[in-house]
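Sequence order for the protein chains is A and B. Mind the numbering: the first sequence is residues 1 to 130 in this note's numbering, read in order. Mind the numbering: the second sequence is residues 1 to 130 in this note's numbering, read in order. Below you'll find the structure, written out as structure tokens, and then a few comments.
2 protein chains.
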Amino acid sequence: MAPATATIDAFTAIAEPRRRDLIGVLAEADGERDVTWIVGELGWPQPQVSKHLGVLRRVGLVSVERRGRQRMYSLNAERLRPVYEWVKAYERFWDDHLQRVKRRAERLEQSRQAAVDRNESACKEREDDR
Amino acid sequence: MAPATATIDAFTAIAEPRRRDLIGVLAEADGERDVTWIVGELGWPQPQVSKHLGVLRRVGLVSVERRGRQRMYSLNAERLRPVYEWVKAYERFWDDHLQRVKRRAERLEQSRQAAVDRNESACKEREDDR
DNA sequence: CCAATATATTCTGATATTGGCATATGTCAA
DNA sequence: TTGACATATGCCAATATCAGAATATATTGG
């Protein structure tokens with residue numbers, strides 16, 4: 001069978017390095033830019049730029065507006081949010097601050113558990129007393 | 001021509017939803033797990049699991065250790081960091097807090113510029129005095 | 001050594017993706 | 001209207017990807 005995705009979501013859209021470049025220049029531009037400007041900025045063949053812009057448009061990462069014979073593209077970076085949220089869930093694996101927090105939480109949990117254990121053995125002793 | 005990527009980096013590895021699932025169960029497990037356990041957890045055919053694990057291993061997102069006739073896989077989530085860093089650069093596009101910070105910075109910059117302008121006109125007046 | 005278990009690899013068919021080139025479409029300006 | 005400009009689209013060839021089924025490889029226990 002074939003790849004089931006068909007470039008439908010942001011994850012597949014940003015998998016392509018050139019599309020990340022494209023997003024990058026649009027973010028720097030911080031506004032609308034026409035295709036010719038992007039072509040000049042990146043130095044790629046115009047059809048390639050149009051095609052990658054098409055993919056980004058299909059997943060909602062950019063929007064277009066006709067202006068005369070030009071098409072003004074602008075970034076919809078909010079569409080990157082699902083990617084951000086997904087990967088953020090793994091932040092704790094490298095973020096030192098979070099690791100310290102986690103370790104402290106674990107220590108707390110340990111002492112809590114120890115307290116519970118002490119309590120349990122106390123109960124057990126009382127049980128034994130009966 | 002062909003796709004230039006060839007599943008070399010984390011971006012392409014996580015583009016596939018099933019591989020994100022795989023990463024998810026390994027993260028929950030928080031340690032080493034053998035293939036059979038993963039197969040049971042996800043309910044996919046074993047070869048498919050092995051193949052996706054192979055991709056993740058090639059990009060360094062998981063590591064393997066042989067243990068008897070089993071292979072223990074564990075997550076190397078730090079390899080997600082480049083993805084995190086890349087997408088984090090766009091956080092300001094949806095994070096309300098950051099947007100407020102940005103707007104405040106812009107206001108400050110405006111008043112600073114206004115002050116400079118006032119100073120410049122003052123200098124100009126002095127110049128005119130001569 | 002043999003059988004069972006655990007996992008990887010190979011092969012195949014269907015589909016997707018990308019870049020390059022040529023060309024179509026749409027819009028303005030003289 | 002005609003021509004120049006801006007952009008999209010269509011087609012092609014090469015390659016990549018994925019799932020599925022079959023099979024190979026390695027390890028352990030008897």
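Note that beta-carbon positions come from the ideal geometry of N, C-alpha and C, so glycine has one too. What you are looking at is a predicted structure, and each value in this text was computed from that prediction instead of being measured.
Residue i versus residue j: straight-line alpha-carbon distance, rounded
| i | j | result |
| --- | --- | --- |
| Ile-14 (chain A) | Trp-94 (chain A) | 22 Å |
| Arg-79 (chain A) | Tyr-84 (chain B) | 15 Å |
| Gly-40 (chain A) | Glu-16 (chain A) | 20 Å |
| Phe-11 (chain A) | Phe-11 (chain B) | 8 Å |
| Asp-9 (chain B) | Leu-22 (chain A) | 18 Å |
| Glu-127 (chain A) | Gly-31 (chain B) | Residue placement at Glu-127 (chain A) is flagged as unreliable, the pLDDT there being 39, under the threshold of 50; the coordinate-derived value follows with that caveat. About 39 Å. |
| Gln-99 (chain A) | Ala-89 (chain A) | 13 Å |
| Gln-70 (chain B) | Trp-37 (chain B) | 10 Å |
| Pro-82 (chain B) | Pro-82 (chain A) | 16 Å |
| Gly-68 (chain A) | Val-87 (chain A) | 40 Å |
| Tyr-73 (chain A) | Pro-47 (chain B) | 43 Å |
| Arg-58 (chain B) | Arg-104 (chain B) | 45 Å |
| Ala-29 (chain A) | Ala-29 (chain B) | 43 Å |
| Val-116 (chain A) | Val-62 (chain A) | Note that Val-116 (chain A) has pLDDT 43, beneath the 50 cutoff, so the model's placement of it is unreliable and the number below is only indicative. Rounded to the nearest angstrom, the two C-alpha atoms are 55 Å apart. |
Among the options, nearest to residue i - alpha-carbon criterion
| i | options | result |
| --- | --- | --- |
| Ala-27 (chain A) | A:Leu-75, A:Ala-89, A:Lys-88 and A:Pro-82 | A:Leu-75 |
| Glu-65 (chain A) | A:Ile-23, A:Ala-29, A:Asp-34 and A:Ala-89 | A:Asp-34 |
Same chain, Cβ closer than 7 Å to residue i, neighbours up to 5 away in sequence not counted
| i | result |
| --- | --- |
| Arg-55 (chain B) | Reading the sequence as shown, one finds Val at residue 55 (chain B) and not Arg. Closer than 7 Å at the Cβ level, and outside the excluded window around Val-55 (chain B), lie Thr-7, Ala-13 and Arg-19. |
| Gly-60 (chain A) | Asn-76 and Arg-79 |
| Pro-45 (chain A) | none |
| Lys-102 (chain B) | Arg-92 |
Contacts around residue i, its chain only, beta-carbon distance under 8 Å, and the 5 residues preceding and following it disregarded
| i | result |
| --- | --- |
| His-52 (chain A) | Glu-16, Arg-18, Arg-19 and Leu-22 |
| Gly-24 (chain B) | none |
| Val-49 (chain A) | Leu-22, Val-35, Ile-38, Val-39 and Leu-42 |
| Asp-96 (chain B) | none |
ask   = Which full runs of the alpha helix (DSSP H) of 4+ residues lie inside the segment 11-98 of chain A, going along the chain?
value = 17-29, 35-42, 46-58 and 81-88
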